[in-house]
Amino acid sequence: EKKSYLPIYDDAPWYEDGKPADLPEDFYSSEFIVDKTIEYLEESRDEGRPFFSYVAFMAVHIPVQAPREFIEKYEGVYDEGWDALRDARFRAVIERGLLPADMELGPMPAGLRDWAARSEDEKRMLAKSMAVNAAMLEAMDFHVGRLIDYLKETGQYDNTVFIVLSDNGPEAGDPLATPGFRQWLWWNNYRRDLETLGEKGSYAFIGPEFASAAASPGAFFKMQAGEGGLRVPLIFAGRGVARARTTDAFSYITDIAPTILDMAGVAATEEFAGVTVQPMTGRSLMPLLSGAATRVRDEMDAVGIEAAGNAALFRGDYKLTRNAPPYGDMQWYLYNLARDPGETTDLAAAEPERFAEMMAEYEAYAARVGVLEVPAGYDQTAQLTINRVHDQVRANWPGLTILALLLLGGAFWACVRLSPRAWRALHG
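Count along the sequence shown from 1, then add 927; that gives the number in our numbering.
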């Protein structure tokens, strides 16, 4: 729906060609986005030119919603809770040979809830929320299938390369933990009844416990620097890509653009509209995708990241990482991801020289890109709230000033009007 989906936003604006756009009454994001993609491709199909289509889905962003027919397929699937799901996903990746057979599954982040201690009503709501999450993903897959069918029907499929990726791990937010959020839901006409959860007008989310299970066996989830927050699938399919092959080689989001240019045989531009373009920092993955190489970075190439105090530096098989509260402790840890992708065994004390080297590389990265270290006690949720209040005050200060003056004037008038009565009460 075209309305606010979090208290920090006034609305959910949609644009087409840079202009505000309206949405149809039967709008569902995954369906609508694929409809528009097909519409754009069809408009230019007769031109016979290559196309680049960036199909950015809303799934599975809060509020999590899906058509009823998809939700019904998953009702009951998650009734055993997050611990059972987490263990099942861990076993599944081991059985499929996607991760080392001897790896360990680490504990869930500290402070999360115990499934067994939830009431039966809570369990039903939590399990239904996860069912809606799965349904939203499958609905997206269904509409991707529609796009593939269109390309096949128009003879464009065999000459199209598909790249599928996500921006982060599972969303762990629990908006209900924020004071006043239930009132915000009511004010914005959202509902949270079990029967219609996930349907239009409802507000579903999975919370940190099911997010940890969904990320299994990765540590943490979205907004944290653990593998559960950073490691996501990257799927390539099409001409020039080796078929039915998996790899655990490191790649990063900056590698996508150079790879696309390499596939298309196009050189990166050095200037655009008279402005010098910064050189790309990523690497083309084509040697990896074609099977010509097993890595595109050597053992000493380092890649750093930082967001709201959560930070990491990758080099070879190793990862230096720090996670911020409320789930992390702001301490640095060193892991060997080839042997320990679950980040269960800290090697900082066992390999002090490597730890020191990678710390120095992270500090150099932070200085180069201008990382601002967060202060002690920093809380990103609280900071978002502060920013929101600041923006609202700045945008509405004339009206707020008039309101404050009216309230002060009213209070002064009441004091003056009541003072004789108060005097008589005091002095008889």
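Beta carbons are placed, not taken as given, at the ideal position from N, Cα and C, and that holds for glycine. Bear in mind the structure is a predicted one, so any value in this text is a computation, not a measurement.
Residues of its chain near residue i, where Cβ-Cβ distance is below 8 angstroms and the 5 sequence neighbours each way are ignored
i            : result
residue 935  : 1311, 1312, 1314, 1315
residue 956  : 984, 985, 986
residue 947  : 940, 941
residue 1108 : 934, 1102
residue 950  : 928, 929, 941, 959
residue 980  : 964, 967, 968
residue 945  : none
For residue i, the three-state DSSP class (helix, strand or coil)
i            : result
residue 1259 : strand
residue 1282 : helix
residue 1233 : strand
residue 942  : strand
residue 947  : strand
residue 1137 : helix
residue 956  : helix
residue 1221 : coil
residue 971  : helix
residue 1193 : coil
residue 1182 : helix
residue 1309 : helix
residue 963  : helix
residue 936  : coil
residue 1321 : helix
residue 1154 : helix
residue 1173 : coil
residue 976  : coil
residue 1296 : helix
residue 1212 : coil
residue 1316 : helix
residue 1289 : helix
residue 1243 : coil
6 angstroms Cβ shell around residue i - same chain, five flanking residues per side excluded
i            : result
residue 1073 : 961
residue 1166 : none
residue 1335 : none
residue 1356 : Beyond the ends of the chain as shown, which are 928 and 1355, falls residue 1356; an answer cannot be given.
residue 1230 : 1179, 1241
Nonlocal neighbours in the same chain, by C-beta distance under 7 angstroms from residue i, ignoring five residues either side
i            : result
residue 1078 : 1084, 1087
residue 1121 : 1051, 1052, 1055
residue 993  : 1059, 1062, 1063, 1066, 1125
residue 1146 : 1033, 1153, 1154, 1155, 1269, 1270
residue 1267 : 1030
residue 1115 : 930, 931
residue 1350 : Because the pLDDT of residue 1350 is 49, which lies under 50, any placement of that residue in the model is unreliable, and the number read from its coordinates should be weighed accordingly. Cβ neighbours of residue 1350 beyond the five flanking positions: none.
residue 1274 : 1261, 1262, 1263
residue 1021 : 1028
residue 1317 : none
residue 874  : Absent from the model: residue 874. The displayed extent of the chain is 928 to 1355, so no value can be given.
residue 1186 : 1211, 1212, 1213
Environment of residue i [buried if 16+ CB atoms lie within 10 Å]
i            : result
residue 1168 : buried
residue 1000 : exposed
residue 1157 : buried
residue 1290 : exposed
residue 1323 : exposed
residue 1038 : exposed
residue 1182 : buried
residue 911  : The structure shown has nothing for residue 911, since the chain only spans 928 to 1355.
residue 1207 : exposed
residue 1328 : exposed
residue 943  : exposed
residue 1162 : exposed
residue 1129 : buried
residue 937  : exposed
residue 919  : Outside the modelled stretch of the chain, which goes from 928 to 1355, sits residue 919, for which no answer is possible.
residue 1081 : exposed
residue 1049 : exposed
In DSSP terms, what residue i is bridged to
i            : result
residue 1238 : 1233, 1249
residue 1164 : 1089
residue 1198 : 1203
residue 1129 : 1118
Contact test: residue i Cβ vs the ligand COA heavy atom, cutoff 7 angstroms
i            : result
residue 1080 : As presented, the structure is devoid of all ligands, the ligand COA included, so that no description of it is given.
Minimum Cβ-Cβ distance from residue i to chain D less than 8 angstroms
i            : result
residue 1181 : The question asks about chain D, but that chain is absent: this structure has only one protein chain.
List in chain order: all unbroken alpha helix (DSSP H) runs of 4+ residues lying wholly within the segment 980 to 1064. 995 to 998, 1009 to 1022
Output the residue ranges of the alpha helix (DSSP H) runs that lie fully inside the segment 1062 to 1126 and measure 4 residues or longer, sorted by chain position. 1108 to 1114
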